[in-house]
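Written out below as structure tokens is the structure these notes cover.
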Amino acid sequence: MKAILIEKPGDESCMKLGETAPPALTPGSVRIRNVACGVNRADLLQRQGFYPPPAGASPILGLECAGRIAEAAADVTSFRAGERVIALLPGGGYAEESVVDAGSVLRLPDALDFETGAGAIETLLTVFLNVFQLGGLPSGGTVLVHGGGSGIGTTTIDLVKRAGGRVVATVGSDEKARRCRELGADAVANYRSEDWVEVAKQATGGRGVDVVLDSIGGSYLDGNLRALAEDGRLVLIGLMGGAKAELPLGALLSRRLSVIGSTLRTRSPSAKAAIVTAFQARFGADFAAGRIRPVIHRVFPLAEAPEAHRMLKASTHFGKVVLRVRDDER
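Residue numbering for the sequence shown follows numbering that gives the first Met the number 0, beginning at 0 and increasing consecutively.
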């Protein structure tokens, strides 16, 4: 099968389209004939050698895909060959075929094409897990999400507003701020020209937000804690701004704040299946009807994966970047 291969970690040029053996079907899994796959910042880290795949996972990049079931293991009865699906992967998305535990697979709604579906599941489950499950967003509560124009940011706006909550987002340009407001964000701060902590405070009448969803890390820790309301939760899902910071324990104690570190990729198949089931119970009807859909910025051919990575690195995108794996199906 064709796949994006990396002989040695490095910059974007280390990725080459080549041939490799397809993955073996294992008990409890399905084989997906990929039509498209999503591009995530974790892929950039793995490409550079900073984020190795979990034990037993494919070394090929790619944490989500969309395509058709090619075959299912004998013990899998939930899917049949030919069904349109999307899947959360521990690796292996930048390829013509992926094998994944059946519990990490969702049917692709008729209203969504493969390219849109390919950018859906990683962000949907990340936001659902970290804002609603770990973050415990209360009814009518407020979330502060950094990178409002990213796939995670745009999905946070969608799901939280759909659930009756409020969203404060940070972005790096006035154009992204405008688009976040169009999606439904209640307040947006351009971090290059505004004090985002003050914007979050003003948006909540001085109270602070209930949940911060943060992919920045170290450099934002102090501001994140100041932006939180009492009993608030900071959920850390990335370290783009550094892996180390001084933690003011007094603030955590006096204001009863929680700091939670979270990853989705390294969770067990059973844990991922439980997240999928819970997401379906909360948002499944809206997703199946096509009312929940990711914002897709651009679709590149698989061979242009290096250019897709450059776009993410430059943060010039709004929403998700997707790779089209094959052209014989739309």
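Think of the CB as a built atom: it goes at the ideal place given N, C-alpha and C, for glycine as much as any other residue.
Three or more C-beta pairs under 8 Å: does that hold for the region 109–119 against the region 131–148? Contact fails: fewer than three Cβ-Cβ distances are below 8 Å.
Considering Cα atoms alone, identify which of 226, 250 and 65 is closest to residue 168. Locating residue 168 in the sequence shown gives position 169, where the first residue counts as 1. For residue 168, the nearest C-alpha among the options comes from 226.
Can you tell me whether residue 31 is helix, strand or coil according to DSSP? For the purposes of this step, residue 31 is taken as the residue at position 32 of the sequence shown. In the three-state scheme derived from DSSP, where H, G and I count as helix and E and B as strand, residue 31 is classed as strand.
Pick out the complete beta strand (DSSP E) segments inside the region 213–260, 3 residues or longer, and give them in chain order. Within the region 213–260, the runs of beta strand (DSSP E) at least 3 residues long that lie entirely inside it are, in chain order, 227–235 and 257–260.
Where residue 296 falls: helix, strand or coil (DSSP): Within the sequence shown, the letter at position 297 stands for residue 296. DSSP places residue 296 in strand when its eight states are reduced to three.
For residue 178, which three-state DSSP category applies? Indexing the sequence shown from 1 puts residue 178 at position 179. Secondary structure of residue 178 (DSSP, three-state): helix.
Just tell me which of 267, 220 and 150 has its CA closest to the CA of residue 250. On the sequence shown, residue 250 is found 251 positions in, with the first residue counted as 1. Out of 267, 220 and 150, 220 has the C-alpha closest to the C-alpha of residue 250.
Specify the secondary structure class of residue 200 as computed by DSSP and reduced to three states. As a working note, residue 200 is residue 201 in the sequence shown. It is helical.
Out of 35, 96, 67 and 119, which has the shortest C-alpha to C-alpha gap to residue 287? Position 288 of the sequence shown holds residue 287. Selected option, being the one with the closest Cα: 119.
According to the Cβ coordinates, are residue 62 and residue 24 closer than 8 Å? Translated into the one-based positions of the sequence shown, residue 62 becomes position 63. Translated into the one-based positions of the sequence shown, residue 24 becomes position 25. Against a cut-off of 8 Å, the Cβ pair of residue 24 and residue 62 comes out as no contact.
Run of the alpha helix (DSSP H) containing residue 158, from where it starts to where it stops: As a working note, residue 158 is residue 159 in the sequence shown. First-last of the alpha helix (DSSP H) with residue 158: 150–161.
Per DSSP, cross-strand counterpart(s) of residue 15: Within the sequence shown, residue 15 is the residue found at index 16, counting from 1. In DSSP, residue 15 forms a bridge with 4.
For residue 72, which residues from the same chain have a beta carbon less than 8 Å from its beta carbon, with the 5 sequence-adjacent residues on both sides left out? Reading the sequence shown from its first residue, position 73 is the one you call residue 72. So the qualifying residues of the chain are 24, 25, 26, 27, 28, 29 and 101.
DSSP three-state call for residue 115: helix, strand or coil? Counting from 1 along the sequence shown, the entry for residue 115 is found at position 116. DSSP places residue 115 in helix when its eight states are reduced to three.
By DSSP, does residue 145 sit in helix, in strand, or in coil? Here residue 145 refers to the residue found at position 146 of the sequence shown. Correct three-state label for residue 145: strand.
Spatial neighbours of residue 158 within its chain, please: C-beta separation below 6 Å, excluding the five flanking residues on both sides. Taking the first residue of the sequence shown as 1, we reach residue 158 at position 159. Contacts found: 126.
Residues bridged to residue 38 by DSSP? Counting from one through the sequence shown, the residue named residue 38 turns up at place 39. Beta-bridge pairing links residue 38 to 320.
Where does residue 45 land, buried or exposed, given buried means 16+ other C-beta within 10 angstroms? Walking along the sequence shown from the start, residue 45 turns up at place 46. Classification of residue 45: buried, given that the 10 Å Cβ count is 16 or more.
Grab me the residues of residue 199's own chain with a C-beta within less than 6 Å of its C-beta, minus the 5 sequence neighbours each way, in chain order. Along the sequence shown, read from residue 1 onward, the residue named residue 199 stands at position 200. The residues are 143, 167, 208 and 226.
Cα-Cα separation, residue 331 to residue 234: In the structure as shown, the chain begins at 0 and stops at 329. Residue 331 is therefore absent and cannot be evaluated.
Do you know offhand how far residue 78's Cα is from residue 217's? Reading the sequence shown from its first residue, position 79 is the one you call residue 78. Reading the sequence shown from its first residue, position 218 is the one you call residue 217. Those two C-alpha atoms are separated by around 43 Å.
Residue 73, DSSP secondary structure in three states: For the purposes of this step, residue 73 is identified with residue 74 of the sequence shown, where counting begins at 1. If DSSP states are grouped into helix, strand and coil, residue 73 belongs with coil.
Residue 262 bridges to which residues according to DSSP? In the sequence shown, counting from the first residue as 1, residue 262 sits at position 263. Partner(s): none; residue 262 has no beta bridge.
Quick check on the burial criterion: 16 or more other C-beta atoms within 10 angstroms. Buried or exposed for residue 103? Numbered from 1 along the sequence shown, position 104 holds the residue referred to as residue 103. Looking at its Cβ environment, which holds 16 or more other Cβ atoms inside 10 Å, residue 103 is buried.
Quick one: Cα of residue 109 to Cα of residue 256, how far? The residue given as residue 109 occupies position 110 in the sequence shown. The residue given as residue 256 occupies position 257 in the sequence shown. Going by the C-alpha atoms only, they are around 42 Å apart.
Can you say whether residue 96 is buried or exposed, counting buried as having 16 or more other CB atoms within 10 angstroms of its CB? Here residue 96 refers to the residue found at position 97 when the sequence shown is read from its first residue. With 16 or more other Cβ atoms within 10 Å, it is buried.
Go through its chain and collect everything with a Cβ distance to residue 156's Cβ below 8 Å, but skip five positions before and after it. Taking the first residue of the sequence shown as 1, we reach residue 156 at position 157. For residue 156, same chain residues with a beta-carbon under 8 Å away, outside a window of 5 residues either side, are 144, 147, 166, 168, 179, 182, 183 and 184 in chain order.
Reference residue 232, options 242, 244 and 211, closest by Cα: Reading the sequence shown from its first residue, position 233 is the one you call residue 232. Residue nearest to residue 232 within the set 242, 244 and 211 is 211 (criterion: CA-CA distance).
Inspect the CB distances between the region 295–304 and the region 265–279 and report whether three or more fall short of 8 Å. The answer is no - the region 265–279 does not touch the region 295–304, with fewer than three Cβ pairs under 8 Å.
Taking 6 Å as the limit between beta carbons, can you name the residues of its chain near residue 8, skipping five residues before and five after? In the sequence shown, residue 8 corresponds to position 9, counting from 1. Cβ within range, chain order: 47 and 48.
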